[in-house]
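K.L.:
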Amino acid sequence: MERFKEIERSIITTYRKDIYSKFTKAIRDYQLINEGDKVMVCISGGKDSFLLAKCIEELHKHGKVKFDVKYVSMNPGYNEENLELIKSNAKLMNIDLEIFNSDIFDVANKLNPVNPCYLCARQRRGHLYAKAQELGCNKIALGHHFDDVIETTLLSMFYGAELKTMMPKLHSDNFEGIELIRPLYYVKEKSIIAWRDYNKLRFLNCACKFTQRTDQENQGKRKEIKKLISDLRSTYKDIDENIFNSLENVNMSCILGWHKDKEYHSFLDDYDE
0 MERFKEIERS IITTYRKDIY SKFTKAIRDY QLINEGDKVM VCISGGKDSF LLAKCIEELH
60 KHGKVKFDVK YVSMNPGYNE ENLELIKSNA KLMNIDLEIF NSDIFDVANK LNPVNPCYLC
120 ARQRRGHLYA KAQELGCNKI ALGHHFDDVI ETTLLSMFYG AELKTMMPKL HSDNFEGIEL
180 IRPLYYVKEK SIIAWRDYNK LRFLNCACKF TQRTDQENQG KRKEIKKLIS DLRSTYKDID
240 ENIFNSLENV NMSCILGWHK DKEYHSFLDD YDE
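Letter 176 of the sequence shown, counting from 1, is numbered 175 in my numbering, and no numbers are missing.
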């Protein structure tokens, strides 16, 4: 059996329960891909986005809903070694990948050399929306997974003083008619790592020029949150599930205040009614 077919087969056999079933459940639960959609799958070069590409490819080939798909990777200024790794993995996994160039790394580092991450992320999103528009795609698929969701939730609480999370889909504010979707929303990172190792695959971790010159173990609040959840999980095995489920089980009678768009509400608004 060809190598790419073995990789594909592992998703729908060995990891059907932990990966493919959860992928299709998110598609159904959140109505992420509909009849006639044209989806641009964004491949950063990491394990998550390459797995996403293969899951969507399987759905495209054998799913009941008919949609079109494009596989795209943006080169924000990777060195040649990292760029070749993306190309070789796309070839190995039989993904028809289009790579387009940008100068995001250089611009972000020039404008904010101390911490260019936020600016880099904003520029990446803008370039991806523009590329989707160019390709005539109405949806952009990203490889964020279950762990990203709960980590984002705790980051918002601990460092942003608000309760919010990473949504499974959202409309673009600046590119009309384009939605961002996250089909790996239910898939846990440990399952993705297991799939990667089972197939003996090697992907990019972080190819950013900034993190290459810093202490990666101590860089970023997200790593602190990831470690915290890992420590809690050793004592409370369902802690991550409980965090996730709480986002779908908000008791509005026991919330001090909330806002939607720019309108703020307090529990005092109707307290005496």
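Glycine is no exception: its CB is placed at the ideal position from the N, C-alpha and C atoms.
With DSSP as the reference, identify every bridge partner of H170, one or two as the case may be.
P.N.:
According to DSSP, H170 bridges with E178.
K.L.:
Count the other CB atoms within 10 Å of the CB of H143; is the residue buried (16 or more) or exposed (fewer)?
P.N.:
When all chains shown are included, H143 counts as buried.
K.L.:
Can you give the Cα-Cα distance for E7 and K53, rounded to whole angstroms?
P.N.:
If you take the alpha carbons of E7 and K53, they lie about 7 Å apart.
K.L.:
Helix, strand or coil, according to DSSP, for E272 in the structure here?
P.N.:
Coil at E272, not helix or strand.
K.L.:
Just verifying my parser: in three-state terms, what is the DSSP assignment at C136?
P.N.:
Coil.
K.L.:
Let me know if M0 comes out buried or exposed under the rule of 16 or more other beta-carbons within 10 Å of its beta-carbon.
P.N.:
Exposed is the call here.
K.L.:
Strictly by DSSP, which residues pair up with N74?
P.N.:
DSSP lists N100 as partners of N74.
K.L.:
Taking 8 Å as the threshold, find out whether the stretch 159 to 174 comes into contact with the stretch 45 to 62 through three or more Cβ pairs.
P.N.:
No, because fewer than three Cβ pairs between the stretch 159 to 174 and the stretch 45 to 62 fall closer than 8 Å, the two stretches do not touch.
K.L.:
For Y158, which three-state DSSP category applies?
P.N.:
Looking at Y158 - three-state DSSP - the assignment turns out to be helix.
K.L.:
Could you tell me the boundaries of the beta strand (DSSP E) in which K259 lies?
P.N.:
Looking at the DSSP string, the run of the beta strand (DSSP E) that includes K259 is G256 to K259.
K.L.:
Which runs of the beta strand (DSSP E) spanning at least 3 residues fall entirely within the stretch 43 to 87, listed in chain order?
P.N.:
Qualifying beta strand (DSSP E) stretches, in chain order: 67 to 74.
K.L.:
To the nearest angstrom, how far is it from the Cα of E97 to the Cα of S72?
P.N.:
Their backbone Cα atoms lie some 6 Å apart in a straight line.
K.L.:
Name the residue from L31, S20, M39 and I32 whose alpha carbon lies nearest to the alpha carbon of K130.
P.N.:
Of the candidates L31, S20, M39 and I32, the one whose C-alpha sits nearest the C-alpha of K130 is M39.
K.L.:
Once DSSP output is grouped into helix, strand and coil, what is the label at H126?
P.N.:
Here H126 sits in helix by DSSP.
K.L.:
Kindly indicate which three-state DSSP category Y263 falls into: helix, strand or coil?
P.N.:
Correct three-state label for Y263: strand.
K.L.:
Per DSSP, M39 forms a beta bridge with which residues?
P.N.:
Answer by DSSP bridge pairing, in chain order: K69 and I139.
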